[in-house]
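Structure first, then comments.
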Amino acid sequence: MQAARLHEYTEEMEDALSIDEVDEPQAEAPDGVVVEVEGAGWCQTDNHVIEGQWAEYMPQDLPMTLGHENAGRVVEVGDDVTMVEEGDPVICHTVMTCGTCRPCRLGDDMHCEDLAFPGLSTDGGFADYLRTNERAVIPLPDGVSTVDIAPHADAGITAYHAVKRASRELNPGDHAVVIGIGGLGHIGLQCLDAMSPVTITAVDMKDEALSMADDLGAHHTIDPGNEDVASEIEAITDGVGARSVLDFVGADETTALAPEIVAAGGAHTVIGYGGHVHQPSQALVNGDFSYRGSLVGNYTELQELVALVERGDVDLRTTRYGLDEINDVAAKLEHGEIEGRAVITP
Numbered sequence: 000m001q002a003a004r005l006h007e008y009t010e011e012m013e014d015a016l017s018i019d020e021v022d023e024p025q026a027e028a029p030d031g032v033v034v035e036v037e038g039a040g041w042c043q044t045d046n047h048v049i050e051g052q053w054a055e056y057m058p059q060d061l062p063m064t065l066g067h068e069n070a071g072r073v074v075e076v077g078d079d080v081t082m083v084e085e086g087d088p089v090i091c092h093t094v095m096t097c098g099t100c101r102p103c104r105l106g107d108d109m110h111c112e113d114l115a116f117p118g119l120s121t122d123g124g125f126a127d128y129l130r131t132n133e134r135a136v137i138p139l140p141d142g143v144s145t146v147d148i149a150p151h152a153d154a155g156i157t158a159y160h161a162v163k164r165a166s167r168e169l170n171p172g173d174h175a176v177v178i179g180i181g182g183l184g185h186i187g188l189q190c191l192d193a194m195s196p197v198t199i200t201a202v203d204m205k206d207e208a209l210s211m212a213d214d215l216g217a218h219h220t221i222d223p224g225n226e227d228v229a230s231e232i233e234a235i236t237d238g239v240g241a242r243s244v245l246d247f248v249g250a251d252e253t254t255a256l257a258p259e260i261v262a263a264g265g266a267h268t269v270i271g272y273g274g275h276v277h278q279p280s281q282a283l284v285n286g287d288f289s290y291r292g293s294l295v296g297n298y299t300e301l302q303e304l305v306a307l308v309e310r311g312d313v314d315l316r317t318t319r320y321g322l323d324e325i326n327d328v329a330a331k332l333e334h335g336e337i338e339g340r341a342v343i344t345p
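Counting along the sequence shown from 1, when you hit position 307 you're at 306 in numbering that gives the first Met the number 0, and nothing is skipped either side.
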């Protein structure tokens, strides 16, 4: 089969991956599942993997097939698999987990002690076929496209996980700010609108992104290139500030906004990454706010997100590309030229 493989870390996205001929995976383990990939979302994390940023956090043996947002149809199952069978459409949770360690017992999939992460620590879905396991696959309802839903395996569940946790602390009359209305942010905004009774302000530099935010339910929009974010939030919230800030950018400039825009007792959740948090401890004490990290989400949250998609509450904006266009996609995303999510269709 064909697969898009990373042979060495590089900053040059235009020729980062090569299309190689490799053996098709087999469902060797009793709980193994092989999926014919019909859609695999491209993520900013893929760019970071190419650059080597994940090497110190995740064991990576190169060459490796990338792609961690995967959906398709089951073509083979192990002897012990009962949840799915050949022909079933599925979306794949980002990680394969053991089910027996303490984090798994607590439902905290992303911190499994024996975790395998297709596309980051083992071969992923930028290929004709993907090997995963029964604990990772979620059957899809009728009428849900495997191609269109694929990016929800990471982008969607990451946004949903952050919003779900924030929503527990939000009440009618509160304000929330979504920073970055891109591939993750436009999903997070919709989840927030569906799950929480708050006033939502969207922040982005691009007119197209702000227009999309307006279409998707934002009550206010701010362009930080032309407006002072802190002053605008102060006016919108009558000086109270935002109870929750969902930062899908995670740059130095966005994390630095927290002391000025987060309400007392609120939280600035960092979902995007690449920058730093540089604040004196007194700023956190005086403001009585917190910074909070958010990493992907668990299996049941992906099930819940699929339910929102089926109900029509979350619309994923996607553009499709062939496997042979994969380096073009990497370069486009590196230069901020993709709105919504790019989906590779092997």
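All C-beta atoms in this analysis are idealised placements derived from N, C-alpha and C, irrespective of residue type, glycine included.
Bear in mind the structure is a predicted one, so any value in this text is a computation, not a measurement.
Ignore the nearest five residues each way along the sequence and tell me which others in residue i's own chain have a CB closer than 6 Å to its CB.
i	result
H219	T200, I235
T198	H174, H218
T145	E37, G38, A70, G71, P88
D294	In the sequence on display, residue 294 carries Leu and not Asp. So the list reads M109, once near-sequence residues are dropped.
D79	P29, D30
E75	A26, V33
E112	C100
K331	I337
Look up residue i in the DSSP assignment and say whether it is helix, strand or coil.
i	result
H92	coil
D206	helix
L188	helix
Q278	coil
D22	coil
E259	helix
E35	strand
D227	coil
P102	helix
H160	helix
G40	strand
I232	helix
L322	helix
D428	In this structure the chain extends from 0 to 345, so residue 428 is not present and cannot be described.
H47	helix
D327	helix
S243	strand
L332	helix
S195	coil
A349	The requested residue 349 is not part of the displayed model; the chain covers only 0 to 345.
A212	helix
A165	helix
Kindly list the residues whose CB is nearer than 8 Å to the CB of residue i, restricted to its own chain and excluding five residues on each side of it in sequence; keep chain order.
i	result
I351	Here the chain has residues from 0 to 345 only, and residue 351 is not among them.
A329	M12, E13, A15, L16, W41, D45, N46, I49
E84	V73, V76
A165	A175, L191, S195, S243, L245, A266, T268
L169	A175, S195, P196, V197, R242, S243
For residue i versus residue j, is the C-beta spacing smaller than 8 Å?
i	j	result
V48	L65	yes
D127	V36	yes
P24	R134	no
A193	S243	no
R316	H185	yes
I232	A212	no
R340	G182	yes
T254	V276	yes
M63	R104	no
M95	N132	yes
D323	I18	yes
Q189	G172	no
H151	V308	yes
H67	G118	yes
E156	G311	The question names Glu, yet the displayed sequence has Ile at residue 156. Cβ atoms of I156 and G311: not closer than 8 Å.
Quick one: what's got a C-beta closer than 7 Å to residue i's C-beta in the same chain, skipping five residues either side?
i	result
L256	V228, A229
G187	A158, A161, V162, V177, L245, F247
V21	M0, A2
H334	none
V261	G240, A241, V244, H267, G286, F288
E10	E50
G321	T344
I'd like to know if residue i contacts chain B, where contact means its C-beta is closer than 8 Å to some C-beta of that chain.
i	result
L183	Any reference to chain B falls outside this structure, which holds one protein chain only.
Given 8 Å, three or more beta-carbon pairs between the region 110-124 and the region 191-210: Because the criterion of three Cβ pairs below 8 Å is not met, the region 110-124 and the region 191-210 do not touch.
Three or more C-beta pairs below 8 Å linking the region 268-288 and the region 245-253: Segments in contact, yes.
Touching by the beta-carbon criterion (3+ pairs, under 8 Å), the region 91-111 and the region 40-55: Between the region 91-111 and the region 40-55 there are fewer than three inter-stretch CB-CB distances shorter than 8 Å, so the stretches are not counted as touching.
Runs of beta strand (DSSP E) lying entirely within the region 266-311, each at least 3 residues, in chain order: Note on the region 266-311: whole beta strand (DSSP E) runs with a minimum of 3 residues are 289-292, in chain order.
Three-pair Cβ contact test at 8 Å for the region 131-151 versus the region 284-291: Counting Cβ pairs under 8 Å, fewer than three are found: no touch.
Start-end ranges of the alpha helix (DSSP H) lying completely within the region 50-75, minimum 4 residues: Whole alpha helix (DSSP H) segments, 4+ residues: zero.
Beta strand (DSSP E) runs contained entirely in the region 101-156, provided each spans 3 or more residues: The region 101-156 contains these whole beta strand (DSSP E) runs: 128-132, 136-138.
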